[in-house]
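Scroll down for the structure; my scribbles are underneath it.
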Amino acid sequence: MQEFSLWCDFIERDFLENGFLKLINKGAICGATSNPSLFCEAITKSAFYKNEIAKLKGKKAKEIYETLALKDILQASSALMPLYEKDPNNGYISLEIDPFLEDDAPKSIDEAKRLFKTLNRPNVMIKVPASESGFEVISALTKASIPVNVTLVFSPKIANKTAQILAQEAQKRAVISVFVSRFDKEIDPLVPKNLQAKSGIINATECYYQINQHANKLTSTLFASTGVKSNALAKDYYIKALCFKNSINTAPLEALNAYLLDPNTEYQTPLKITEIEAFKKELKAHNIDLENTAQKLLKKGLIAFKQSFEKLLSSF
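The sequence shown maps to residues 5 to 320 in this note's numbering.
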């Protein structure tokens with residue numbers, strides 16, 4: 005299925021030197037993503053960074069973080085480069101800008117350009133949150149021919165707006181990261197069983213339709229947050245359900261490994277718009293509005309990334 009691909013939503017030094025290369029070499033993945041929470045988890049818990057952190061003692065916390073993170077990003081970039089050279093639509097690794105710059109477009113643009121220049125790799129994507137000031141950043145980076153990964157997309161309206169900007173201005177590869185499982189974590193406790201584990205997929209499908217309205221060869225929907233939050237679901241539940249044409253799924257290792265044991269052999273057919281609207285009506289009967297939930301989840305996501313980044317910096 006050439007129009008559907010898997011990326012790995014995990015970055016950690018030991019993994020990059022072992023399991024990551026194996027996944028690439030067997031054709032299981034053709035890209036990877038990182039975020040402040042993943043780096044926090046990796047750097048604070050893995051023993052593989054301790055010696056390097058000790059050598060960097062005395063430097064500013066953010067400088068230590070960038071030294072460690074950029075080394076990982078470069079290593080991932082090198083591993084993925086053969087895929088990129090074969091097909092410039094594949095082989096990308098994403099790096100997020102400082103989450104504390106989220107509401108400062110000029111500083112975000114400066115940092116994104118600095119990081120992209122420092123890394124000096126064509127297969128690096130700069131991750132920008134889909135916040136109000138983020139749209140200015142996205143526009144500036146695409147005009148500067150920097151590949152972008154627009155992250156924390158929860159709302160179909162925001163997906164549409166983002167796709168519109170990229171359709172007009174993108175000169176390099178871009179992905180729109182539509183977050184999935186957080187909807188179910190938020191909504192499932194409030195609805196009967198027959199409506200559970202559906203909101204994330206249905207909202208993501210509507211985002212996919214909105215993005216495809218502005219379809220171009222450079223931009224794809226990337227389904228993110230596809231690890232399950234419930235033990236009742238199969239580990240690869242969201243990957244299998246969202247196996248759509250012209251889409252990417254970035255998944256945590258547990259979900260990825262489960263999917264690879266029994267991968268889809270055919271594309272899934274997305275729900276029709278009428279079916280999506282019918283489901284939204286059912287949710288409204290329980291006083292749940294997906295657009296309001298999307299706005300709430302965006303705020304939560306921005307806060308969570310700031311908290312992870314702050315925790316990471318304070319660990320130095």
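Every residue, glycine too, gets a C-beta built ideally from N, C-alpha and C. Just so we're clear, the structure is a prediction, and the values are computed from it rather than from any experiment.
I'd like to confirm something about residue i: is its beta-carbon nearer than 7 Å to some heavy atom of the ligand ATP, or not?
i	result
G35	No copy of the ligand ATP occurs in the structure displayed, which carries no ligand at all.
Beta carbon of residue i, beta carbon of residue j: below 8 Å?
i	j	result
A208	L265	no
P40	E100	yes
L294	S135	no
Y69	R17	no
I206	L226	no
L123	T146	no
S1	S98	Absent from the structure is residue 1, since the part of the chain shown begins at 5 and ends at 320.
I150	I130	yes
K304	C44	no
N93	R177	yes
F183	K165	no
Q4	F248	Not covered by the structure: residue 4. The range shown for the chain is 5 to 320.
V141	I113	yes
L20	A109	no
F120	L302	no
List the endpoints of the continuous alpha helix (DSSP H) containing residue i.
i	result
A262	257 to 265
S149	S149 -> no alpha helix (DSSP H), and no H or E assigned at all.
L317	294 to 318
S9	Run containing S9: none in the alpha helix (DSSP H); it sits in the beta strand (DSSP E), 8 to 12.
T273	No alpha helix (DSSP H) holds T273; DSSP gives it neither H nor E.
C44	40 to 49
G23	23 to 29
A58	54 to 59
T166	160 to 173
A282	277 to 288
On the DSSP letters alone, give me the boundaries of the beta strand (DSSP E) that residue i sits inside.
i	result
S181	178 to 183
Would you please verify whether the beta carbon of residue i is less than 8 Å from any beta carbon of chain E?
i	result
A245	In summary, chain E is missing from the structure at hand, where a single protein chain is found.
Among the residues of its own chain, which have a CB less than 8 Å from the CB of residue i, if the five just before and after it don't count?
i	result
L237	A201
G95	C34, G35, L84, M85, P86, L87, Y88, E89, N127
T48	K315, L316, S319
Are there 16 or more other CB atoms within 10 angstroms of the CB of residue i, so buried, or fewer, so exposed?
i	result
P193	exposed
Q214	buried
G62	exposed
K59	exposed
R118	exposed
E89	exposed
N22	exposed
T278	exposed
E281	exposed
T223	buried
K239	buried
A228	buried
Which same chain residues end up closer than 6 Å to residue i when comparing Cβ atoms and leaving out the 5 residues on each side of it in sequence?
i	result
S9	C34, I252
F320	A65, I68
S203	F187, D188, I191
K111	L105
Y2	Outside the modelled stretch of the chain, which goes from 5 to 320, sits residue 2, for which no answer is possible.
D13	T37, T254, A255, P256
A32	L264
Excluding five sequence neighbours on each side, which residues of the same chain lie with their C-beta closer than 7 Å to the C-beta of residue i?
i	result
G231	S185, A255, P256, E258, A259
E115	I101, D102, L105
E173	S143, T146, K147
Whole beta strand (DSSP E) elements within the region 206 to 249, 3-residue minimum: 223 to 228
Start-end ranges of the beta strand (DSSP E) lying completely within the region 66 to 144, minimum 3 residues: 96 to 100, 128 to 133
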